[in-house]
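These notes concern the structure reproduced below.
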Amino acid sequence: MSEAADALPFIAALMIAVSSTSCRSGDATTVPWIQQRTNTENSGPPPFLSATNRQIGDDQPQTSRVSIGHNARMNRSPWTWKVVQAGSLRLDGGGMFGIIPKEMWSRWTPPDAENRIRLQTNCLLLEQDGRKVLVETGCGDKWTEKEREIYHLERRTVVDALREIEVDPEEIDMVILTHLHFDHAAGLTTWDGRPPREMIADGTPPRPVFENAEIVVQRREWEDANANRSTMTRTYLRTHLDPIADRIRLVDGSTEVIPGIGVEPIIGHTPGQQGVLIEDAGRTTAFLGDLLPTIHHAHPSAATAYDLDPYDTLLTKADVLTRAHAEDWTIVLDHEPDDPVVKVNQDERGRKTLFPRNPA
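The numbering of the sequence shown is this note's numbering, which starts it at 112 and goes up by one.
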């Protein structure tokens, strides 16, 4: 029997477990299994809608779904947004799809000779009445040639992408990060193209790219990254954290960070990952970080091998997709290389898939 066939019974069992504990179609209530696990009283639906409410430790914020923009909605213009692509990279396909057998995921996205799949670093530029907010910063430019080869890193950066649409980094007022892994936050700083090894040897720190921006991140994510408590310590780089430490705005749980834009915790991938919600005129656009990296990660058993708690990822994802379908969200996928702007479809059996909002 093949390795893929051996894995299929386990995947089927996990899919049954996830689907049996998830919300039914259109039901925005907490998941029963999570309610039992947390053993806490809930006054309302927790964010995204369940797994984020469980007790991890004393420092885990107690949160509720964020209420976005209600006080200022009548007195402001809507937020407009566009996807800006900050460069492609390739990561191991097995790492990106976790327990999904290669026999399955390689049909979705064929790997190269080194088993790597093509990914994009999609960022989101939001504009309103002269204000500019950037979600994510991509991989940046502080890489040796060896590192570029390992990750097949494109030399394009978020600065290149912004300047193509005539936006300078100095114009960005706020940067929101879903989490602090290098492919999301390394674009915060730069050595302006100078060789990283020389800069490190000289003790020259990189400079902040977004000189006028405050940087919004969950407190738990910031503390975890700085304390090196995570299993992914090699992706929390001092060269992109230390130079911007005085610009950080720490938030605890669900928060409206600026009228019309809110963040909500979506644990699983990292302890402090957050999703970004933009609301206007009853429409919601969501940027969900590595909860849904690509269109194929809507599969109920797809979670990356890099997730700190893959089972929380699966539970949270099921709840997010239920809420997104019920409320007709538009979702922007952070690593989808082809059509990153998607909607949620649900079939007659309640299974969720993603489809491009405007296929290329």
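Quick reminder that beta carbons are idealized off the backbone N, C-alpha and C, glycines included. Because the structure is a prediction, the values reported are computed rather than measured.
Give the DSSP bridge partners of residue i, in chain order.
i, result
"D203", "R227"
"C234", "V195"
"G249", "Answer is none; G249 lacks a bridge partner."
"V431", "The partner list for V431 (beta bridge, DSSP) is empty, contrary to what the question assumes."
"F466", "K454"
"I378", "Note: I378 sits in no beta bridge, so no partner."
Whole angstroms are fine: how far does the CA of residue j sit from the CA of residue i?
i, j, result
"E277", "D303", "19 angstroms"
"G386", "E256", "32 angstroms"
"R358", "E214", "45 angstroms"
"A312", "R318", "16 angstroms"
"P448", "R266", "16 angstroms"
"P382", "G364", "11 angstroms"
"L264", "P307", "15 angstroms"
"W216", "A413", "9 angstroms"
"G198", "G393", "32 angstroms"
"V195", "Y422", "31 angstroms"
"R242", "A224", "44 angstroms"
"V439", "I355", "With the sequence shown as reference, residue 439 is identified as Asp, and Val is not the correct amino acid for it. One C-alpha to the other measures close to 36 angstroms."
"R274", "P222", "32 angstroms"
Suppose contacts are defined by Cβ-Cβ distances below 9 angstroms. Is residue i in contact with residue j by that definition?
i, j, result
"G298", "V269", "yes"
"M310", "V368", "no"
"H407", "T220", "yes"
"D468", "T433", "At residue 468 the sequence reads Arg, which differs from the Asp that was named. No, the Cβ-Cβ distance between R468 and T433 is not below 9 angstroms."
"G379", "L403", "no"
"V453", "L444", "yes"
"I377", "L237", "no"
"G251", "V320", "yes"
"M207", "L235", "no"
Could you round the C-beta distance between residue i and residue j to whole angstroms and report it? I think they count as a contact, below 8 angstroms.
i, j, result
"D240", "S188", "5 angstroms"
"R201", "R227", "4 angstroms"
In this structure, how does DSSP classify residue i when only helix, strand and coil are distinguished?
i, result
"I287", "strand"
"D391", "strand"
"F208", "helix"
"N337", "helix"
"R266", "coil"
"E214", "helix"
"E258", "helix"
"A324", "coil"
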